[in-house]
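Here's the structure we're looking at; comments come further down.
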Amino acid sequence: MKILVVNCGSSSIKYKLFDVTQRKVLASGLAERIGEPDSILTHKHMTVGEEKKQVEKNRFADHLEGLQRIVDLLLDPENGTVSSRSEISAVGHRVVHGGDTFHQPTLIDDQVIADIEACIPLAPLHNPANLMGIQVARKLFPNALQVAVFDTAFHQTLPVEAHLYAIPFELHQKYKIRRYGFHGTSHAFVSEEVAVHLKRPLTELNLITLHLGNGASMAAVAGGRCIDTTMGLTPLAGLVMGTRSGDIDPSVLLFLAKHENLSAEDLDDLLNKRSGLQGLCGVNDMREVIAKAEAGDQQAETAMAVFSYRIKQYIGAYTASLGRVDALVFTAGIGENAPLVRERACQGLEGLGIEIDRQKNRQRAEGIMEVSTVGSRVKVLVVPTNEELRIAQETLRAAEKKTG
Ligand code: AMP
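Quick note: to get the numbering used here, add 8 to the position in the sequence shown (first position is 1).
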């Protein structure tokens with residue numbers, strides 16, 4: 009079964025074609041700078057076990073032209089990826105915000121499109137781009153099933169005490185202001201991977217999942233259901249990130265608005281693009297932060313300390329939320345590749361039954377790694393995430409439900 013996964017940004021289309029039953033990527037790529045004179049398309053496809061890459065400079069006036077060219081490349085007889093459009097039976101779309109309307113992957117029809125449009129105020133940059141991808145894919149694959157997979161859906165199980173902010177209740181009702189959470193496909197994917205790895209049903213496991221990438225979030229997952237997560241109404245809340253502040257005292261905004269004469273847009277820019285690791289030490293890439301800290305840069309060392317301490321605090325908080333924790337699950341760019349961050353985030357948590365084996369933690373291996381000591385009550389695991397594969401799997405599930 010071949011499924012195309014599409015992730016549209018305002019000027020980009022990221023895509024992957026899967027043979028989902030075999031968990032195999034047949035082709036993938038990225039069209040960038042759509043709408044500009046110098047659009048670029050990078051396309052990769054597999055031929056007899058070997059990856060081939062081609063880069064084209066083109067002019068894509070819009071997403072329709074971009075996706076049309078991607079389809080041409082997939083159909084190119086020399087690449088041999090698909091022989092006809094009808095071989096692609098479904099298209100899975102990443103949609104950032106499903107509000108409180110969408111709790112699961114959903115087959116797309118006109119009503120669903122209207123409901124995703126209604127969530128635009130909650131994600132004004134992302135949802136319009138995601139919708140563009142949906143419209144274009146419907147045109148180019150009129151016979152394929154189209155499925156929307158939401159970043160927020162996995163967190164819709166949060167109980168009221170975890171999702172409601174203590175502001176006047178009528179504002180929650182009027183604007184749907186509440187904690188939504190993001191990175192849901194990643195938290196869900198690694199949770200299922202852990203259950204398979206431990207050979208235990210997911211319904212019996214209590215997990216703390218840590219998606220530490222350029223954007224970073226954690227989730228408390230009880231028996232496969234998310235009960236709390238660090239991101240909120242938007243992806244700005246919670247952990248310290250590459251350029252985002254994460255949690256701060258809300259009064260800081262009022263203070264800065266007053267003393268620096270900042271507008272709502274200025275504050276948005278400050279907290280989303282100039283804060284986090286970038287704000288603390290001048291670089292947002294964790295590899296550079298670690299290199300600078302190791303070279304003796306005090307600001308980088310402080311940034312590492314603030315970053316790791318915030319994670320540690322949430323491990324404590326989610327241990328309380330879950331009552332019993334079976335595993336901590338590190339994933340994404342930093343979670344998978346930065347042993348130092350894992351070590352510092354878990355430092356001093358022996359009292360919670362969390363003990364990292366420093367030697368195992370520093371080894372590199374493909375696939376899932378266990379980096380806790382033999383005696384650690386809570387397992388510490390490193391699990392590679394694969395959000396696109398998860399979208400393809402969810403698309404398949406939704407398609408199978410439809411066809412019975
Ligand atoms: P992601 O958003 O999942 O692609 O993750 C991006 C983040 O992962 C960036 O901050 C990178 O610096 C970080 N990262 C990737 N590889 C490494 C590594 N080997 N060591 C430390 N951080 C890494």
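C-beta atoms are modelled at their ideal positions from N, C-alpha and C, and glycine is treated no differently.
_Beta-carbon gap between N135 and H105 smaller than 8 Å_ = yes
- Task: Mind listing which residues have their beta carbon within less than 5 Å of any non-hydrogen atom of the ligand AMP? Chain order is fine.
- Result: G221, N222, D293, M294, R295, A340, G341, I342, N345, A346
Between the alpha carbons of N15 and Q401, how many angstroms are there, rounded?
15 Å
Under 7 Å Cβ to Cβ from V90, same chain only, skipping five residues before and after it: list those, please.
K10, L82, L83, I96
For D80, count neighbouring Cβ atoms within 10 angstroms of its own Cβ and tell me buried if that reaches 16, exposed if not.
-> exposed
Going by Cα to Cα distance, which pick from K32, E58, S92, R41 is closest to G70? One detail in the question is off: residue 70 reads as Asp in this sequence, not Gly. If we check each option's Cα against that of D70, R41 comes out closest.
Beta carbon of V248, beta carbon of L218: below 8 Å?
no
### Query
Which residue's Cα is closest to the Cα of T193: A406, P258, L397, L404?
L397
According to DSSP, simplified to helix, strand and coil, what is K10? strand
- Neighbourhood of F68 by C-beta distance below 6 Å, restricted to the same chain and skipping five residues each side: I42, S47, G74
Leaving aside the five residues before and after I116 along the sequence, list all residues of the same chain whose C-beta is less than 7 Å from its C-beta, in chain order.
I142, Q154, V155, A156
Worksheet item: Hey, is the stretch 186 to 202 in contact with the stretch 220 to 232, meaning 3+ C-beta pairs nearer than 8 Å?
Response: yes
Q) For R318, which residues of its own chain have a beta-carbon under 7 Å away from its beta-carbon, when the five flanking residues on both sides are left out? A) L247, V248, G254
When you compare the stretch 303 to 310 with the stretch 357 to 364, are there three or more beta-carbon pairs, one atom per stretch, that lie closer than 8 Å? no
Please classify G107 as buried or exposed, where buried requires at least 16 neighbouring CB atoms within 10 angstroms. buried
>> Suppose the cutoff is 8 Å on Cβ atoms and the five residues either side in sequence are ignored; what does the same chain contact list for L172 look like?
In response: H180, R186, R187
- prompt: Exposed or buried, which one is L262 when buried takes at least 16 other CB atoms within 10 Å?
  reply: exposed
Review point. Is the CB-CB distance between V291 and K300 below 8 Å?
Key: yes
Would the beta-carbon of G232 fall within 8 Å of that of S199?
yes
Quick one: Cα of D159 to Cα of A131, how far? 11 Å
Margin query: Just to confirm before moving on: does the CB-CB distance between T393 and F162 stay below 8 Å?
Written below: no
_I399 classed as buried or exposed, judged by whether at least 16 other C-beta atoms fall within 10 angstroms_ = buried
Note to self: Classify F94: buried if its beta carbon has 16 or more other beta carbons within 10 angstroms, exposed otherwise.
What the structure shows: The sequence given here has Ser at residue 94, not Phe. By the 10 Å Cβ count, S94 comes out exposed.
Next item on the list: Could you tell me which residues DSSP pairs with E374 in its beta bridges?
Entry: According to DSSP, E374 bridges with nothing at all.
Inter-residue Cα distance where the pair is T238 and E395: 19 Å
- prompt: DSSP state of Q30, grouped into three classes?
  reply: helix
_Considering only DSSP beta bridges, list what I216 is partnered with._
A228, L336
- According to the Cβ coordinates, are E378 and K387 closer than 8 Å? yes
Spatially closest choice to T50 from V390, A406, E64, by CA coordinates = E64
*asked:* With three or more C-beta pairs closer than 8 Å as the rule, is the stretch 142 to 152 touching the stretch 206 to 220?
replied: no
How many Å lie between R295 and A325 at the Cα? 27 Å
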